[in-house]
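Enquirer: So that we are looking at the same thing, I have put the structure below in structure tokens.
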Amino acid sequence: MDSPQNNKIDLNQRIAILGAGAAGLSAAEALKQKGYKHITVFERTDHAGGKCLSVELGSKTYELGAGIVTENNTVPLQLAKQYGIPIEQVRFGQSIYVDKNGQQIATQSLTFKLKVLWQLFFRYRRILKQYRALESPGFHNLSPEITVPFDQFAKEKKMTDLANIFSLFLSGFGYCYSDHVPTAYVLKYVNRKTIVAYLKSQVYLFPDGIQELWTRVAKEHDVRFEAEITQINRGEVITIHSQVGAEEFDKLIVTSPLDETALFMDLSVQEQMLFEKIMYLDYQTILCTVNHFVEKTGYVPENFIREREGHPVFWYYRQAGQPIYSFYVLTDKNISEKDVTDNLRTFVRQMGGEIESIHQFIHWKYFPHVDSAEMNDGFYDKLDKMQGNQHTYYAGEILNFSCVGFTSEYADYIVHRYF
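So, in structure tokens, the structure goes:
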């Protein structure tokens, strides 16, 4: 087993990385900055970025996946600065909230706002201070208190109003249902630095699309796009078999979905047992041209529950003056695209609009996580102890939190910890 203590730094080691998303390319950059000379990234698609997927319509760029970063997302922001990728401050105050029938929800009362602020500054802040270790990459030695579902935790801590506000960024952005997701994920995502970034409006978008960042980073590396890996054998060396033949490496960093490695890698019994515990949500993005629709971004809080799966939870209006919107839907995999599209058309009509055309319909295998029982049973400590076994390291979304900033952070951390 490799460890920081017994690892000898050999800059000539051959290192393979699975996945050219934010995690894989952040790891590649960190290795390059440390002076490693032989880094190969395997990517099964024809493009870099993973869930950072941008498309161009009529000379305007639209996001189908990740879209924003905050000031504390230092890795992508540093890469953007390094490679001259422009960013812009997100302008808030342009969002609306509607019910499941598309009717605008009244502005919250002053009393409610004061309750939320009280819960944020006098309850939630104290909780974040208690669990400040979650500000560091990964999940380590978690208290049973924060492995329970977040809605249960919020009730026990008397901050349900604040939890409802958090749901805009949790369920709305496809991360969870609050009655299911373990609290540790929420504390990791909505941490002190993220809250400060939002309060200070230190939230940024990429005017040319966030995918441009990773496309630019990929140009600096040996990325094998459309790689078809058929087998990985791990012994004294790591042998990767693909359509170009067999190649040998000294170390392997896995940033692709861990459960999918069972298709081609010689997993240990412990790896198999852990990886099969990983769960996902089905988050869908539908990019549409919509006529006579409100020119604002919007949330549909009544759809943030399982009973409303297949209905839009959020839409993003990115380009002013253009009738193009990205709608986001949380679904059960048994709900067909036709049903999702029919639900969306009905919703848009209820708001006085009409879908003219659908440009993209994307399914995301989204938010890898484990449930409360598995988290409480030490899933993350077990996975962390496996780092370095068979010269293999794990640095995908499941290890930190499933958004671009946290994913990049953990990949960078793994490189500095073990290489």
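If you read the sequence shown in my numbering, its first letter stands for residue 2, the second for the next number, and so on.
Glycine included, C-beta positions come from ideal geometry on N, C-alpha and C.
Nothing here was measured: the structure is a model prediction, and the numbers come from that model.
Assess, as a yes-or-no matter, whether the region 193-211 is touched by the region 84-98 under the definition of 3 or more beta carbon pairs within less than 8 Å.
Expert: The region 84-98 is in contact with the region 193-211.
Enquirer: Give me the residue from MET280, GLN153, GLU308 and LEU26 with the minimum Cα distance to LYS101.
Expert: The sequence position of residue 101 within the sequence shown is 100, counting from 1. For the residues MET280, GLN153, GLU308 and LEU26, the minimum Cα distance to LYS101 belongs to GLU308.
Enquirer: Should GLY22 and GLY68 be called a contact, given that it needs their Cβ atoms to be closer than 8 Å?
Expert: Against the sequence shown, residue 22 aligns to sequence position 21. Against the sequence shown, residue 68 aligns to sequence position 67. No, the Cβ-Cβ distance between GLY22 and GLY68 is not below 8 Å.
Enquirer: Flag LYS130 as yes if its beta-carbon sits less than 8 Å from any beta-carbon of chain B, otherwise no.
Expert: Of the chains in the structure shown, none is chain B; there is only one protein chain.
Enquirer: Assign ASP260 to buried or exposed, taking buried as 16 or more other Cβ atoms, counted over all protein chains shown, within 10 Å of its Cβ.
Expert: As a working mapping, residue 260 is identified with position 259 in the sequence shown. It is buried - the Cβ of ASP260 has at least 16 other Cβ atoms within 10 Å.
Enquirer: Going by Cα to Cα distance, which pick from GLY236, GLU57, TYR178 and GLU237 is closest to CYS289?
Expert: Locating residue 289 in the sequence shown gives position 288, where the first residue counts as 1. Looking at the Cα atoms, GLU57 is the closest of the given residues.
Enquirer: Can the beta-carbon of ILE287 be found less than 8 Å from the beta-carbon of PRO369?
Expert: The residue labelled residue 287 in the question sits at position 286 within the sequence shown. The residue labelled residue 369 in the question sits at position 368 within the sequence shown. Cβ distance not < 8 Å, so ILE287 and PRO369 don't count as in contact.
Enquirer: With DSSP as the reference, please indicate the residues paired to ASP223 in a beta bridge.
Expert: Position 222 of the sequence shown, counted from the start, is the residue given in the question as residue 223. According to DSSP, which records beta bridges pairwise, ASP223 is partnered with THR41.
Enquirer: Taking the straight line between their C-alpha atoms, what separation do you get for ASN136 and PHE122?
Expert: The residue given as residue 136 occupies position 135 in the sequence shown. The residue given as residue 122 occupies position 121 in the sequence shown. For clarity, residue 136 is Glu in the given sequence; the question names Asn instead. The straight-line gap from Cα to Cα measures roughly 18 Å.
Enquirer: For GLN6, which residues of its own chain have a beta-carbon under 7 Å away from its beta-carbon, when the five flanking residues on both sides are left out?
Expert: For the purposes of this step, residue 6 is taken as the residue at position 5 of the sequence shown. With a pLDDT of 46 at GLN6, under the threshold of 50, the predicted position of this residue should be treated as unreliable, though the coordinate-derived value follows. Closer than 7 Å at Cβ, skipping near neighbours: no residue.
Enquirer: Between ASP47, LEU12, THR46 and GLN388, which has its C-alpha nearest LEU32's C-alpha?
Expert: Start at 1 with the first residue of the sequence shown, and residue 32 comes out as number 31. Nearest C-alpha to LEU32: LEU12.
Enquirer: Exposed or buried, GLN131, counting other C-beta atoms within 10 Å across all chains shown (16 or more means buried)?
Expert: Along the sequence shown, read from residue 1 onward, the residue named residue 131 stands at position 130. Exposed.
Enquirer: Quick one, which of GLY173, GLU146 and GLY175 has its alpha-carbon nearest PRO183's?
Expert: Reading the sequence shown from its first residue, position 182 is the one you call residue 183. Residue GLU146 is the option with its Cα nearest to PRO183.
Enquirer: Between ASN292 and GLY354, what straight-line distance do the alpha-carbon atoms span, to the nearest angstrom?
Expert: Here residue 292 corresponds to residue number 291 of the sequence shown, with the count starting at 1. Here residue 354 corresponds to residue number 353 of the sequence shown, with the count starting at 1. One C-alpha to the other measures close to 6 Å.
Enquirer: Is the distance from the Cβ of GLU249 to the Cβ of ILE239 below 8 Å?
Expert: Start at 1 with the first residue of the sequence shown, and residue 249 comes out as number 248. Start at 1 with the first residue of the sequence shown, and residue 239 comes out as number 238. Yes; because the gap between Cβ atoms is below 8 Å, this pair is in contact.
Enquirer: For a quick check, are the C-beta atoms of GLU398 and ALA134 less than 8 Å apart?
Expert: Within the sequence shown, residue 398 is the residue found at index 397, counting from 1. Within the sequence shown, residue 134 is the residue found at index 133, counting from 1. Contact flag unset, no.
Enquirer: Quick check: GLN273 and ALA263, are their CB atoms within less than 8 Å of each other?
Expert: Reading the sequence shown from its first residue, position 272 is the one you call residue 273. Reading the sequence shown from its first residue, position 262 is the one you call residue 263. Cβ distance < 8 Å, so GLN273 and ALA263 count as in contact.
Enquirer: Exposed or buried, which one is THR408 when buried takes at least 16 other CB atoms within 10 Å?
Expert: Indexing the sequence shown from 1 puts residue 408 at position 407. Its Cβ being crowded by 16 or more others within 10 Å, THR408 is buried.
Enquirer: Leaving out five residues on either side along the sequence, give the residues of the same chain with a beta carbon under 6 Å from the beta carbon of SER243.
Expert: Residue numbering aside, residue 243 sits at position 242 when the sequence shown is read from its first letter. Closer than 6 Å at the Cβ level, and outside the excluded window around SER243, lie ALA228, GLU229 and ILE230.
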